[in-house]
Amino acid sequence: DQQVKQNSPSLSVQEGRISILNCDYTNSMFDYFLWYKKYPAEGPTFLISISSIKDKNEDGRFTVFLNKSAKHLSLHIVPSQPGDSAVYFCAASVTNFGNEKLTFGTGTRLTIIP
Amino acid sequence: EAGVAQSPRYKIIEKRQSVAFWCNPISGHATLYWYQQILGQGPKLLIQFQNNGVVDDSQLPKDRFSAERLKGVDSTLKIQPAKLEDSAVYLCASSLDLAGRETQYFGPGTRLLVL
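Keeping their order, the protein sequence lines are chains F and R.
Quick note, our numbering runs 40 ahead of the 1-based positions in the first sequence.
Quick note, our numbering runs 11 ahead of the 1-based positions in the second sequence.
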């Protein structure tokens, strides 16, 4: 049972334009969401997160939007740069008094075209 | 600050053989995680340690997988005997503490191929 879904395996975007990566979840208990970025032959690195009490969190060129009613979140990258080409994983967790286990999606490969 | 170190980076074995992976977390990080990432999927948590105690091993196939974190620092993950479906990247991650929303820092992973 895939509780966190990234339905687009790949996405290509022109440099300078906006990249929008989407993520859907089924477990209504999830209350914390994260995006990780992964380059080839490296481990994932934390990018940005959002708590369920917010609907938007911004960090520089990266903004995450959360729509709890639709169980959907998205990552916006503006403007997109060649170094943003990577695999992006959405992850979610449930508050459990410190034992917050991450459930990852299957990833979206973003390619920025120069 | 040094990152999470893992070795080996690559391993090829035949089915039914044994294999072990090693992880050295970021200094001072109390919590250590082992993930399995099968091709085309996201990382799946296998086991989580707080210092040298196991917090969660509910998704660890205990008939063939074992892990330990002696002295609460380094950790090893062992598979014995390996099956074809164990082919995956094994990622180690660490975080400062168990509590709250501590960021997990991942190592580069060990890519295992079982023939």
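Glycine included, every Cβ here is placed at the ideal spot set by N, Cα and C.
Under 9 angstroms between beta-carbons, which chain F residues line up against residue i? List them in chain order, please.
{"i": "residue 15 (chain R)", "result": "83"}
{"i": "residue 114 (chain R)", "result": "74, 86 and 89"}
{"i": "residue 64 (chain R)", "result": "Neighbours of residue 64 (chain R) on chain F: none; closest Cβ ~12 angstroms, over 9 angstroms."}
For residue i, go through chain R and note every residue whose CB falls closer than 7 angstroms to its CB, in chain order.
{"i": "residue 145 (chain F)", "result": "53"}
{"i": "residue 61 (chain F)", "result": "Per Cβ cutoff of 7 angstroms: no residues; residue 61 (chain F) is ~13 angstroms from chain R at best."}
{"i": "residue 51 (chain F)", "result": "Correct list: empty, because the minimum Cβ distance to chain R is about 16 angstroms."}
With a cut-off of 8 angstroms on the beta carbons, I'd call residue i and residue j a contact; round off their distance for me.
{"i": "residue 114 (chain F)", "j": "residue 61 (chain F)", "result": "7 angstroms"}
{"i": "residue 80 (chain F)", "j": "residue 148 (chain F)", "result": "Actually they are not in contact, since the Cβ atoms of residue 80 (chain F) and residue 148 (chain F) sit about 15 angstroms apart, beyond 8 angstroms."}
{"i": "residue 143 (chain F)", "j": "residue 44 (chain F)", "result": "5 angstroms"}
{"i": "residue 81 (chain R)", "j": "residue 63 (chain R)", "result": "6 angstroms"}
{"i": "residue 126 (chain F)", "j": "residue 77 (chain F)", "result": "5 angstroms"}
{"i": "residue 36 (chain R)", "j": "residue 102 (chain R)", "result": "Contact flag wrong, Cβ pair sits at about 12 angstroms."}
{"i": "residue 133 (chain F)", "j": "residue 70 (chain F)", "result": "7 angstroms"}
{"i": "residue 145 (chain F)", "j": "residue 63 (chain F)", "result": "6 angstroms"}
{"i": "residue 106 (chain R)", "j": "residue 113 (chain R)", "result": "4 angstroms"}
So with CB distances below 8 angstroms, who are the chain F contacts of residue i?
{"i": "residue 119 (chain R)", "result": "81, 82 and 83"}
{"i": "residue 102 (chain R)", "result": "83 and 84"}
Identify the contact partners of residue i in chain R, using a Cβ-Cβ distance below 8 angstroms as the criterion.
{"i": "residue 150 (chain F)", "result": "The premise fails here: residue 150 (chain F) is roughly 15 angstroms from chain R at the closest Cβ pair, so nothing lies under 8 angstroms."}
{"i": "residue 141 (chain F)", "result": "56, 59 and 67"}
Could you name the residues of chain F that residue i contacts, counting a contact when the two beta carbons are closer than 7 angstroms?
{"i": "residue 107 (chain R)", "result": "Chain F residues near residue 107 (chain R): none, gap ~12 angstroms exceeds 7 angstroms."}
{"i": "residue 88 (chain R)", "result": "Simply none; closest approach about 15 angstroms."}
Select from the options the residue whose C-alpha is nearest the C-alpha of residue i.
{"i": "residue 93 (chain R)", "options": "R:72, R:39 and R:45", "result": "R:72"}
{"i": "residue 26 (chain R)", "options": "R:98, R:84 and R:120", "result": "R:98"}
{"i": "residue 20 (chain R)", "options": "F:129, F:83 and F:119", "result": "F:83"}
{"i": "residue 42 (chain F)", "options": "F:91, F:125, F:65 and F:96", "result": "F:65"}
{"i": "residue 45 (chain R)", "options": "R:65, R:120, R:58 and R:126", "result": "R:58"}
{"i": "residue 75 (chain R)", "options": "R:63, R:85 and R:89", "result": "R:89"}
{"i": "residue 103 (chain F)", "options": "F:58, F:154, F:53 and F:151", "result": "F:58"}
{"i": "residue 129 (chain F)", "options": "F:106, F:70 and F:88", "result": "F:88"}
{"i": "residue 18 (chain R)", "options": "R:52, R:85 and R:116", "result": "R:85"}
{"i": "residue 116 (chain R)", "options": "R:23, R:34 and R:51", "result": "R:34"}
{"i": "residue 22 (chain R)", "options": "R:100, R:113 and R:118", "result": "R:100"}
{"i": "residue 67 (chain F)", "options": "F:75, F:120, F:111 and F:117", "result": "F:111"}
{"i": "residue 7 (chain F)", "options": "F:90, F:153, F:150 and F:101", "result": "Lying before the first or after the last residue shown, residue 7 (chain F) is absent from chain F, which here runs from 41 to 154."}
Under a three-way DSSP split, which group does residue i fall into?
{"i": "residue 123 (chain F)", "result": "helix"}
{"i": "residue 67 (chain R)", "result": "strand"}
{"i": "residue 64 (chain F)", "result": "strand"}
{"i": "residue 82 (chain R)", "result": "helix"}
{"i": "residue 150 (chain F)", "result": "strand"}
{"i": "residue 123 (chain R)", "result": "strand"}
Of the residues that make up the stretch 105 to 121 of chain F, which ones have a beta carbon closer than 7 angstroms to any beta carbon in chain R? So nothing in the stretch comes that close.
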